Every structure is written in C-alpha cells, then in structure tokens.
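Asker: Each residue of the sequence shown is one higher than the one before, counting from 16 in the numbering used here. Next up is a structure, given as structure tokens.
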Amino acid sequence: MKNMLYILLVCGLGAYAQGDVGRKFTPILPANTTTNTPTTPNPIPPAPIIFNKKPEEAKPFMEMPKKGMMDQPQFVDPGKPYEDKLNKANAMSEDQQAIRKNQYLGDVKTNSGSVNIMYRDHEFVDGDQIRIYSNGIIARSVVTLSGEFQGFELSLVSGFNTIEFEALNQGSSGPNTAQLVVYNDKGEVISAKNWNLATGFKATIIVVKE
C-alpha cells in the first residue's frame, strides 16, 4: 500500500513538472514609471511696438526752475507788500513836502523895458487858479489856467522886478501845476520854468532890468 502511494506521488510530481516546463515564460515588467520631463516656462510675449512716440528726454539731477516760477506766491518775499506800501507812502510824503513850500524859479537879466508873462496848465487841466503879484502888488487877481498859453505884458522898473504866482487852489487831480515862459520885448525867451504848488504857496521869478 505504501508503495502504491509513493508511485502515485512520483507520477503526480512528474506531470506537474512537465506542465511547468511547457509553459511560456512571461517576464515581469517593472511598474510603469513616468519620467519627469522638465517643463519649459511659457515665453514672455514681446512688448508691443509703439510707433511715432518721442523718447523722453533725460532730466538733469537739479532742474532749474522755469521762468516765472519765482514769481509764484510761495516764492514771494512775505515782507515785500509791506515794503512796497512803505516806499509808496514815503514817495507820497516826499511829494507832499516838495509842493508844500515856496518855489524859486530863478532870476534873469534883460535890457527890455517890458516882458511878456505867459502861462498854462501843462499837465491835466483841472481848474487850477493863481494870483499874480509884481513887486508885491496884485497884477492879476484870479487866473484860471487852461491848456493854452495866456498872459500879459508887464512893464519893468530898473533893478529887481519880483514876480510871484500864488496857488489859490489845487485842481481835482492834485497840486497846482503850470508852465511859465517869459519873453523880452524882442520876442526872445529869457526864462522857461514849471511849478507844482500846494494851495497858498508861491512860485517866484526875478527879472533884473539893467
């Protein structure tokens, strides 16, 4: 009995071995692996080309201020308005001092027996009025100055002839103003002067008859 079992076992192993020998060998492939191929970054698109665009000029490190910038309020001296006001006030004060005094128009010499005294308002005609004296005597009581010359002939005495022009008022635009021209008896100009007077002050010229 034991021999029978042994024979069956040997026959079974032989048949199994032949079955394995007859089978085709199938190799075992390695697991599918994917190769990490380095990715190429997307190319940066080129900047668009803009035609007819003027390139910007390089600016200097310290750009000088443009003309007129220093005149802007942030650059103006804060004390300048007060300085201008003070200068204007001083100028007006000087002008007032100049007209608030008598004015000497000089002296001239002549052999003529008389002179022609001519005068006019040479600035703005605004109603200036004068009174004229000759050696302290009123020669013309009230004269209203116009833009045209007017006047009279004055007989001279030997020696000094003091002729005074008193400002009776100041016209609407400020001091009493006039142009004075003195002619000898030949029609020659021997003196030409101007005056600017405040009311009550005089302009004086002396004509010396030789």
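Don't be surprised by glycine CBs; every beta carbon is placed ideally from N, CA and C. Model, not experiment: these values are computed from the prediction.
Does DSSP put A113 in a helix, a strand or coil?
Answerer: DSSP places A113 in helix when its eight states are reduced to three.
Asker: Whole angstroms is fine: what's the gap from N211's alpha carbon to I114's?
Answerer: 6 Å
Asker: Count the other C-beta atoms from every protein chain shown that fall within 10 angstroms of the C-beta of I152, then say buried if there are 16 or more, exposed otherwise.
Answerer: exposed
Asker: Output the distance between the C-alpha atoms of E138 and S188, rounded to the nearest integer angstrom.
Answerer: Taking the straight line from one Cα to the other gives about 10 Å.
Asker: Is there contact between the segment 113-127 and the segment 143-161, where contact requires at least three CB pairs shorter than 8 Å?
Answerer: The segment 113-127 vs the segment 143-161: no contact.
Asker: Which value, in whole angstroms, describes the spacing of the CA atoms of E225 and K116?
Answerer: 30 Å
Asker: From Q2 to F216, what does the alpha carbon distance come to, in whole angstroms?
Answerer: This structure leaves residue 2 out entirely; the chain is present only between 16 and 225.
Asker: So what does I189 bridge to, in DSSP terms?
Answerer: Looking at the sequence itself, residue 189 is Gly, so the reference to Ile does not match. According to DSSP, G189 bridges with G186.
Asker: Just the Cα atoms here: how many angstroms apart are K154 and I132?
Answerer: A small correction: the amino acid at residue 154 is Ala; Lys does not occupy that position in the sequence shown. If I take the Cα positions, the gap works out to 11 Å.
Asker: For the beta strand (DSSP E) that contains S206, what are its first and last residues?
Answerer: 204-212
Asker: Can you have a look at Q185 and say buried or exposed, based on whether 16 or more other CB atoms are within 10 angstroms of its CB?
Answerer: Counting Cβ neighbours within 10 Å, Q185 comes out buried, since at least 16 surround it.
Asker: Alpha carbon to alpha carbon, how far is V130 from G202? Give it in angstroms, no decimals.
Answerer: Whole-angstrom Cα-Cα distance: 9 Å.
Asker: CB I220 to CB F175, shorter than 7 Å?
Answerer: Not closer than 7 Å, so no.
Asker: To the nearest angstrom, how far is it from the Cα of G128 to the Cα of V172?
Answerer: 8 Å
Asker: Along the chain, where does the beta strand (DSSP E) containing F216 start, and where does it finish?
Answerer: Taken as a continuous stretch (DSSP letters only), F216 belongs to no beta strand (DSSP E), as it is neither H nor E.
Asker: Specify the secondary structure class of F40 as computed by DSSP and reduced to three states.
Answerer: Note on F40: pLDDT 48, under 50, position unreliable in the model; the coordinate value appears next. Of the three classes helix, strand and coil, the one that applies to F40 here is coil, per DSSP.
Asker: Measuring only the C-alpha atoms, how far is F164 from T125?
Answerer: 22 Å
Asker: By Cβ distance below 6 Å, which residues in the same chain neighbour D141 in space, the five residues on each side in sequence not counted?
Answerer: Correct list, in chain order: G186, S187, S188.
Asker: Beta-carbon within less than 7 Å of G166's beta-carbon, same chain only, minus the 5 sequence neighbours each way: which residues are those?
Answerer: Correct list, in chain order: N131, I132, M133, Y134.
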